[in-house]
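Student: Take this structure, written in structure tokens, and hold onto it; I'll ask about it next.
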Amino acid sequence: MARTYTVEYTSLRSSLVNLPLSLYGPLLQRNQRPQSVAVHLKHRNVQLHVGWSGLASASSLAHFNTVLETVEIDPQYAQAVGLAKGATVEIGLLYDLPAADTVVAEPVTADDWEIIELHAAHLESTLLSQVRVAVPGQEINVWVHGRTRVRLAVVSLIPPSPNPALLTFSTQLSIAPKPRKSANGPPPKSKPHPVSKPKTPRPAPAPALRVLPPRLFPALPAPCEPKTVVYTSPWTFARITAQPWPLPDGPTKFFTATFRVGPAPADPTSQPQAKVITPSEERTEVVLTWWTGIPDMHAVFAGAGEWDLVKFAVIAPYTPAAHPAPPRPTHTHLLPRRAPDPAPHLVGISPLLARLADWCVNTYLAHLDSGVVRGVSTLLLTGRAGSGKTEIVKAVAKAMQEDPRTYAYTHYVDLARAAALPIATLKALFAFWYAKAAWHRPSILVLDNLDKILPAEIEHADPTRTRHLTSLFLHLFARSARSAAPNTHGVLCLATAASPHTLNALLGRAHAFAEVVEIGGVRRDARREILEACVARRGVGAHVNYAVLAAQTEGYSPVDIEDLVARAVHQALIREGDDGERQVALLLTDFEAAQVGFTPLGLRDVKLQKSDVVWADIGGLRETKQVLRETIEWPTKYAPIFAQAPLRLRSGLLLYGYPGCGKTLLASAVARECGLNFLSVKGPELLNKYIGASEKAVRDLFERAGAAKPCVLFFDEFDAIAPKRGHDSTGVTDRVVNQMLTQLDGVEGLTGVYVLAATSRPDLIDPALLRPGRLDKALLCDMPDFEDRQSILEAVSHKVAVAPTVDWAEIARETEGFSGADLQALVYNAHLDVVHASIPSAVPSQDGTDDTEIELEYTTFGGPARANVVSRADEAAMMRRLRQIVAGSSAQPTVKERQARERTHQEIQMDDLRRALTTTRPSVSLEERARLQRIYQAFTSDRSGDLPVPPEDVRVGKRVSLM
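The numbers in UniProt numbering rise by one with no breaks, and the one at position 869 of the sequence shown is 869.
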């Protein structure tokens with residue numbers, strides 16, 4: 001037997017019910033959302049489908065210890081559907097009901113329809129909180145402001161179904177009107193008029209026309225009248241002058257009229273100015289006519305301000321004295337459907353400009369279809385400094401102003417200038433900007449640098465101001481901020497910010513932005529176009545290959561490229577000298593000189609490491625270097641070819657191997673040889689004990705790499721920050737690994753960023769990081785063999801003086817088991833022994849004098865005929881003076897300089913290397929090498945199900961460390 005419940009009346013002010021405790025408890029345990037549950041109530045012949053409020057019946061809680069359980073429902077709604085208080089009902093719960101696309105309903109009475117007309121916005125915003133289920137033929141009730149009830153009868157559902165359906169945010173409620181019947185009976189039917197007979201519009205109040213700038217209509221005929229001529233569309237002309245529509249054939253008609261300009265919103269920050277209006281200025285007389293190229297409800301003339309709203313009062317017909325009538329079209333005038341070029345001076349970003357212009361046009365067309373729009377449709381454009389955000393939004397707004405489909409008014413505001421204003425002033429400005437855009441609609445409100453007045457909350461800083469301003473902004477511009485948002489039909493907003501993360505988080509939670517568009521890095525083709533345009537605008541010649549310059553300016557923003565061209569022109573002027581008659585021609589050397597000491601704007605806050613290591617400095621590792629060149633150098637050097645590849649290119653590599661085998665040296669050489677920026681991070685630098693700090697350090701690191709792209713991001717000691725998850729009791733490295741996975745998956749966009757990781761223990765790294773798409777390939781930096789050791793010794797010897805008699809092959813045979821770092825230390829130790837051996841020969845004598853003074857001879861010319869006798873003291877003084885002159889001359893080196901040159905040319909002999917070999921030992925012992933070799937073999941080979949016998953040095957019972 002089905003269990004029954006008792007109906008209890010409770011003022012819920014909705015078409016929902018509170019469930020008994022026996023049903024409420026299981027739903028709560030399963031975390032069932034109230035929006036996904038429908039309640040079926042059955043009482044004799046009454047079948048009712050309602051929604052659940054999410055609460056339990058209070059009367060059931062009061063009678064918890066009794067058998068009686070109740071279901072609570074609003075008394076007015078219960079009486080409307082035929083449920084009396086105390087009636088027993090059976091309750092069924094329905095899950096997974098389909099959602100209705102459209103619900104067609106009609107008011108029960110004419111009073112209900114009048115209430116709906118008055119409070120349509122409120123009903124739209126609160127409907128889902130009161131009704132969640134609809135069934136054809138069932139009544140639903142909605143309360144306005146919790147006081148007035150509106151009764152609606154569900155007629156049908158779309159898609160058609162006799163079963164109940166859920167109401168969601170995407171469901172459209174269509175209510176048929178139900179006007180009050182007239183007391184005098186139905187109006188008489190009007191007789192049909194012949195089609196050929198013109199129809200005269202009914203007299204109506206003079207409409208407000210929007211004044212368009214004459215510059216938008218270059219084909220507009222020039223007036224010859226002394227009075228101002230106003231042009232409107234033919235339909236608007238017929239409506240204002242009460243002429244029949246369509247206009248009859250014949251000469252163009254003219255009317256004299258007066259107009260008044262409507263009061264536009266006033267800027268609260270401007271000082272009011274007194275103005276005396278004379279009667280002649282208050283009502284200006286103009287000549288009214290029509291032209292087919294003007295849209296309806298618009299006017300074009302030079303007597304009023306552009307984009308103002310004016311009203312005309314027709315006086316009488318007007319006959320021009322010698323005014324040529326504008327030509328009547330022989331066909332219908334069609335407006336172009338493609339928007340004009342947004343910005344001819346902005347090159348390299350045509351796809352972005354077209355995307356923004358299409359969004360504006362499509363949004364305007366959607367506004368025309370909907371009629372009522374709640375909340376300003378806002379697009380957020382983000383990009384780093386110098387990426388051209390301001391110029392782009394200005395160009396798009398200008399394109400919408402010239403587009404015949406919109407003719408949008410533009411109001412630009414630089415919020416950086418208003419960042420320090422008081423909150424009360426900004427509140428008034430918010431209201432003024434919105435009123436200004438709404439007055440001139442269709443319009444585009446450009447809010448540049450929105451993050452300057454609505455910044456993100458900073459830790460340890462007072463967030464009161466930014467929260468208050470964000471709430472004020474959302475109150476005016478966001479739909480979800482209040483229950484009855486104003487109608488923003490025809491108003492768009494273009495906002496700019498450095499990043500969505502630099503804005504207050506309340507904007508994201510309130511869905512203030514309909515779309516967010518990020519300005520990415522400038523592609524190579526776009527940089528070439530920008531370079532050509534910048535050089536052409538400066539009026540100088542150029543004998544350069546722009547494709548080569550575009551490749552050398554990777555990571556430059558448009559502002560950086562413009563600054564580079566200016567510096568190149570300056571270098572060219574210096575090179576030309578005083579020859580001012582010749583035209584300046586830019587050469588590739590001018591751009592190379594301009595790049596010396598020039599740092600792009602996006603890299604000025606990024607700390608980059610400089611590397612002087614080239615491929616020739618690294619001996620051995622032939623296969624590893626080849627893979628690095630194929631992965632990083634070739635896609636950078638031959639970018640157009642690799643851009644056409646259908647496969648995804650590798651962007652992450654893991655370098656693993658024995659200590660001292662050149663893993664870090666390889667990463668440094670890659671950045672130098674490929675011309676990439678280099679960011680090096682030691683593993684423990686990212687770890688922080690505070691929750692969220694380590695993840696933020698990882699995000700900031702990848703953001704810095706993205707700003708510096710093309711960039712090599714090198715993680716040294718990678719096993720320290722990305723160990724296997726679950727082995728850390730604090731959970732710090734687990735969160736770092738999770739954040740690293742998110743970044744390496746490409747969710748944040750790693751185009752132009754190559755990730756290199758180096759470790760000697762790849763078995764300790766989390767396996768998820770080694771899967772394809774993250775660190776795609778693992779490269780082994782093995783211990784050098786005989787040929788590798790000889791190659792390493794020859795590469796290291798390039799930086800020191802070595803005698804030609806040195807046999808590197810013999811040294812390579814005697815250094816079995818040495819790593820690359822050990823071989824470098826061997827050569828450097830031999831070089832230090834040579835330097836130390838040459839130091840005693842340069843020690844001066846104990847008396848402080850130099851034993852190798854230069855002997856000088858001098859001859860005296862002129863003077864008296866009989867030479868005077870020169871004393872020994874005078875002769876010694878003369879010699880000291882001459883030695884000082886010779887010592888200070890750059891033409892002849894001093895004794896100490898000759899000794900220093902002799903020391904620098906002292907070379908390493910074979911005996912020095914043998915002597916250094918006796919004191920140098922391998923840094924990797926045989927036991928350590930064997931242990932690492934087993935680890936690397938297990939890492940690269942397939943795993944089997946066999947249980948191998950542990951080796952002797954790691955048998956059970958022996959304590960070992962991770963390293």
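No residue lacks a Cβ here, since even glycine has one placed at the ideal position from N, Cα and C.
Straight-line CA distance for residue 27 to residue 453?
Tutor: Going by the C-alpha atoms only, they are around 45 Å apart.
Student: Taking the straight line between their C-alpha atoms, what separation do you get for residue 595 and residue 720?
Tutor: Going by the C-alpha atoms only, they are around 38 Å apart.
Student: Within the continuous alpha helix (DSSP H) that includes residue 636, where are the two ends?
Tutor: Per DSSP, residue 636 belongs to the alpha helix (DSSP H) from 634-637.
Student: Are the CB atoms of residue 152 and residue 136 nearer to each other than 8 Å?
Tutor: Not a contact, by the Cβ cut-off of 8 Å.
Student: Buried or exposed for residue 589, going by 16 or more other Cβ atoms inside 10 Å?
Tutor: It is exposed - the Cβ of residue 589 has fewer than 16 other Cβ atoms within 10 Å.
Student: Name the DSSP beta bridge partners of residue 411, please?
Tutor: DSSP, once it has assigned bridges, lists 445 as partnering residue 411.
Student: Taking the C-alpha atoms as reference points, what is the distance between residue 100 and residue 171?
Tutor: Residue 100 and residue 171: Cα-Cα distance of roughly 6 Å.
Student: Suppose the cutoff is 6 Å on Cβ atoms and the five residues either side in sequence are ignored; what does the same chain contact list for residue 36 look like?
Tutor: Closer than 6 Å at the Cβ level, and outside the excluded window around residue 36, lies no residue.
Student: Which class does residue 367 belong to by DSSP, given the choice of helix, strand or coil?
Tutor: Helix.
Student: Please classify residue 515: is it buried, with 16 or more other beta-carbons within 10 angstroms of its beta-carbon, or exposed?
Tutor: Flag for residue 515 reads exposed.
Student: Can you check the UniProt domain "AAA+ ATPase" (649-785) for any alpha helix (DSSP H) of at least 4 residues that lies completely inside it and give the ranges in chain order?
Tutor: Listed in chain order, the complete alpha helix (DSSP H) runs (minimum 4 residues) inside the UniProt domain "AAA+ ATPase" (649-785) are 663-674, 693-707, 732-744.
Student: What residues in its chain sit with their C-beta under 6 Å from that of residue 260, if we drop five residues either side in the sequence?
Tutor: Result list for residue 260: 311, in chain order.
Student: Verify whether the separation of the beta carbon atoms of residue 966 and residue 652 is less than 8 Å.
Tutor: No answer is possible for residue 966: it lies beyond the span of the chain, which begins at 1 and ends at 963.
Student: Have a look at the DSSP bridge pairing and note the partners of residue 858.
Tutor: Answer is none; residue 858 lacks a bridge partner.
Student: Using DSSP with H/G/I as helix, E/B as strand and the rest coil, what is residue 244?
Tutor: Here residue 244 sits in coil by DSSP.
Student: Could you pull the start and end residues of the beta strand (DSSP E) that residue 552 belongs to?
Tutor: Element bounds for residue 552: not the beta strand (DSSP E) but the alpha helix (DSSP H), 546-552.
Student: Nearest CA to the CA of residue 711: which residue from 556, 614, 569?
Tutor: Measuring from the Cα of residue 711, the nearest candidate turns out to be 556.
Student: In this structure, does DSSP put residue 829 in helix, strand or coil?
Tutor: Helix.
Student: In this structure, does DSSP put residue 26 in helix, strand or coil?
Tutor: Three-state DSSP puts residue 26 in a helix.
Student: Quick check on the burial criterion: 16 or more other C-beta atoms within 10 angstroms. Buried or exposed for residue 696?
Tutor: By the 10 Å Cβ count, residue 696 comes out exposed.
Student: Are the segment 131-148 and the segment 74-94 touching, with three or more C-beta to C-beta distances below 8 Å?
Tutor: Contact holds: three or more Cβ-Cβ distances are below 8 Å.
Student: Any idea what DSSP makes of residue 921, helix, strand or coil?
Tutor: Coil, per DSSP.
Student: Rank 620, 131, 549 by C-alpha distance to the C-alpha of residue 796 and give the top, closest one.
Tutor: Measuring from the Cα of residue 796, the nearest candidate turns out to be 620.
Student: How big is the Cα-Cα spacing for residue 276 and residue 284?
Tutor: Bear in mind that the predicted position of residue 276 carries a pLDDT of just 46, short of 50, making it too unreliable to give a figure here.
Student: Would you mind working out which of 552, 612, 232 sits nearest residue 598, comparing C-alpha positions?
Tutor: For the residues 552, 612, 232, the minimum Cα distance to residue 598 belongs to 552.
Student: What does the alpha-carbon distance come out to for the pair residue 39 and residue 168?
Tutor: Residue 39 and residue 168: Cα-Cα distance of roughly 16 Å.
Student: Starting from residue 42, trace the beta strand (DSSP E) both ways and give me its first and last residue.
Tutor: It spans 37-43 - the beta strand (DSSP E) in which residue 42 sits, taken as one unbroken run.
Student: Thinking C-beta only, is residue 89 closer than 8 Å to residue 5?
Tutor: Against a cut-off of 8 Å, the Cβ pair of residue 89 and residue 5 comes out as a contact.
Student: Distance check for residue 104 and residue 110, CA to CA, integer angstroms please.
Tutor: For residue 110 and residue 104, the distance between alpha carbons rounds to 17 Å.
Student: So is residue 678 buried or exposed if we call it buried at 16+ other beta carbons inside 10 Å?
Tutor: Per the 10 Å Cβ criterion, buried.
Student: Can you tell me the Cα-Cα spacing of residue 738 and residue 680, whole angstroms?
Tutor: Approximately 21 Å, taken between the alpha carbons.
Student: I need the boundaries of the alpha helix (DSSP H) containing residue 558, first residue and last residue.
Tutor: Unbroken alpha helix (DSSP H) run through residue 558: 558-576.
Student: Less than 8 Å between the C-beta atoms of residue 791 and residue 922, yes or no?
Tutor: Cβ distance not < 8 Å, so residue 791 and residue 922 don't count as in contact.
Student: Near residue 14, which residues of its chain fall below 6 Å by C-beta distance, leaving aside the five closest residues on each side in sequence?
Tutor: Hits under 6 Å: 130.
Student: Leaving out five residues on either side along the sequence, give the residues of the same chain with a beta carbon under 8 Å from the beta carbon of residue 96.
Tutor: So the qualifying residues of the chain are 36.
Student: Kindly indicate which residue of 528, 559, 554, 539 has the alpha-carbon position closest to the one of residue 546.
Tutor: Checked all of 528, 559, 554, 539; the closest Cα to residue 546 is 528.
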